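Protein chains in written order, with my numbering: chain A, 8 to 299; chain B, 1037 to 1236.
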Amino acid sequence: MTQLAYYPGCSLHSSSELYDVQCKMVFNNLGIELKEIEDWNCCGATAAAKTNDFLAVALPARNLGLATATGLSEIVIPCSSCYSRTLVSQKTLAKDPGLRDSINAELSQKIKGDIKVSSILEILVPKARSGELAAKAVKKLDGLKPACYYGCLLTRFPIDMDVPDNVENPQGMETVLKALGAAPVDWSYKTDCCGASASVNDADQSQLLMSRIFTDAVARGANCLVATCPLCQFNVDAYQAEVGKKFGIEKQLPVYFITELIGASMGLDPVEMQVDRHFVDAMGLLKELNLL
Amino acid sequence: MSSSVLKYETAASTSLLAEVTRRSGQNLQACYQCRRCAAGCPVGEETGVTPDRLIRLIVLGDREEAVNNLLVWKCVACYTCGTRCPNNIQTARITETLKQMSKEAHAKPLTPRIADFHSAFMTSTRHLGRFNEIEALAIYETKTAIKELSQGKVKAVIDEMIGQARLALDMMKKKRLHLGVDRIKARSEVQALYEKAKGR
Ligand code: SF4
Ligand code: SF4
Ligand code: SF4
Ligand code: SF4
């Protein structure tokens, strides 16, 4: 078993606990143990950035210190928002030793060196390319036509930096799913914003944004959406029925976490992966495609 | 957009531009108004003021309009504008800065609900070290409800409560509502960071 440091973030410990469970199951099957870092704190998400520049860097920095203390060389962060905030904090501190010292002064586990911060795609894509993923599959994802939804934060960052995928037309999820026999559709809204917390505090705005995403996915003939970010997944799943009604979109699409589809191909139990906890039913399509 | 766009006062411009440039870390003067940002901004249609306009307002020194327009509050920080800008100007950093400036000036936020949401999020994470959906939503909903009730917006409050209750019920059904409270051990360490943030 290889070990990777792991930061679940608040989402995976609350409303998206299913994603935490699935990540561990799928990675385990690939021979990777996810070691959750001890006593991590919330990264502050967008709210910190909007309210205080220092906290936006300092909160993820504490987690980087904890991750470094594990002695592991890489940390996986499934939530795009946590991933983005943590990477930005790391890059900012690398350029600003004064700020780094000031934050380190408050930390019991100091930030030093630079542990590699990865999204789950950065681990999965190389395994898809090498054939390792396909080798673990017991079923092909035949008939699955996903619209891969990346949202904002996987490819766009508030600072200049190298992005591990194409910024306007990322292919990471497609690479993984194609390796397992699925036929992802080409579509135009894969990196469009769903409105994030606007779903709570500015509903009209976020529903308009989501309606464009659903309309295009349906028009392209997708039979499901796939996400890697718990926030993106939650929004387009939980609000889909309401948005559909408001904008006259009749078809509803299940919104899978990529781990659920990889898991299904590996023959992992969907109920154990908690696929039955979606808002738009996600078990039906798996059954239809003989993936249960 | 207001007619104030046509006014240009050197002194006002220099100080506002310098402040926003320094705090946002964005080189606003590099903007040549090509509007690639505007084309990609998902909220632009609703806000009227697009990233290019916002930058123009700042360059012209219109402090009032720069802080008080819908883009500052409705920007969803999707980073599309900055990714596409040929001059690497990240408008989300500018809207963040303007929001902070507005708060410091004790100006009334144009969209109090959005401001209250972010502040509820931060209150909750400071308290526990982790984000608690229920606590943050409770703080947010209470703040919003009290404010709106005091303005006589009874219907808005009732609609909001029904909407939230429906989502909560859905979440409960799908076993997505997490009722436990996660808190970290080293809360004092996180709180020390919050304290330090105040002095900056
Ligand atoms: S971004 Fe969200 S999920 Fe990630 S740590 Fe912060 S609150 Fe938690
Ligand atoms: S798509 Fe929505 S949830 Fe995902 S990163 Fe963008 S705003 Fe956040
Ligand atoms: S894309 Fe950049 S240069 Fe062009 S108008 Fe927008 S901010 Fe200015
Ligand atoms: S970051 Fe804000 S201003 Fe820029 S495109 Fe997104 S919503 Fe518009």
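We treat Cβ as the ideally placed atom computed from N, Cα and C, and that holds for glycine. Bear in mind that the values here come from a model prediction, so they are computed numbers and not experimental data.
{"query": "Environment of A/Met180 [buried if 16+ CB atoms lie within 10 Å]", "result": "buried"}
{"query": "For A/Thr9: DSSP bridge partner residues", "result": "A/Ile39"}
{"query": "Extent of the continuous beta strand (DSSP E) run through A/Val124", "result": "123–125"}
{"query": "Own chain, CB closer than 6 Å to A/Gly274, minus 5 neighbours either side, in chain order", "result": "Val145"}
{"query": "Backbone CA spacing between B/Ser1039 and A/Glu43 [nearest angstrom]", "result": "A caution first: B/Ser1039 carries a pLDDT of 48, below 50, which makes its placement in the model too unreliable to give a value."}
{"query": "A/Cys89 - DSSP class collapsed to helix/strand/coil", "result": "helix"}
{"query": "Run of the beta strand (DSSP E) containing A/Phe264, from where it starts to where it stops", "result": "262–264"}
{"query": "Spatial distance of A/Phe286 from A/Gly78 (CA atoms)", "result": "39 Å"}
{"query": "Nearest candidate by alpha-carbon position, reference A/Pro15, set A/Cys50, A/Asn35, A/Leu37", "result": "A/Cys50"}
{"query": "Distance cut 7 Å, beta-carbon to ligand 4 heavy atom: residue list by chain order", "result": "A/Cys200, B/Cys1073, B/Gly1076, B/Cys1077, B/Pro1078, B/Val1079, B/Gly1080, B/Pro1087, B/Leu1107, B/Cys1111, B/Val1112, B/Ala1113, B/Cys1114, B/Tyr1115, B/Thr1116, B/Cys1117, B/Gly1118, B/Thr1127, B/Ala1128, B/Thr1131"}
{"query": "Residue-chain proximity (A/Glu43, chain B), Cβ-Cβ < 8 Å", "result": "no"}
{"query": "N- and C-terminal bounds of the beta strand (DSSP E) containing A/Leu232", "result": "231–234"}
{"query": "CB contact check: B/Ile1130 to chain A, cutoff 8 Å", "result": "no"}
{"query": "Anticipated Cβ contact below 8 Å, A/Tyr13 with A/Leu37, distance rounded", "result": "No, A/Tyr13 and A/Leu37 are not in contact; Cβ-Cβ is about 14 Å, not under 8 Å."}
{"query": "Contact set between A/Gly202 and chain B, taken where Cβ atoms lie within less than 7 Å", "result": "Val1112"}
{"query": "Contact with chain B by A/Asn208, beta-carbon distance below 8 Å", "result": "yes"}
{"query": "Buried versus exposed, by CB contacts within 10 Å (16 or more), B/Tyr1068", "result": "exposed"}
{"query": "First through last residue of the beta strand (DSSP E) which encompasses A/Cys155", "result": "153–156"}
{"query": "Per DSSP, the bridge partner or partners of A/Ile82", "result": "A/Ala12, A/Val124"}
{"query": "Stretch pair the stretch 19–38 of chain A + the stretch 65–72 of chain A: three plus CB contacts closer than 8 Å", "result": "no"}
{"query": "Nearest-angstrom Cα separation, counted from B/Gly1165 out to A/Val64", "result": "15 Å"}
{"query": "Any chain B beta carbon closer than 8 Å to A/Asn48", "result": "yes"}
{"query": "Beta-carbon spacing of A/Trp194, A/Ala224 below 8 Å", "result": "yes"}
{"query": "Length of the line joining the Cα atoms of B/Pro1145 and A/Ile220", "result": "29 Å"}
{"query": "Cβ shell of A/Asp211 (< 7 Å), same chain only, five flanking positions each side left out", "result": "none"}
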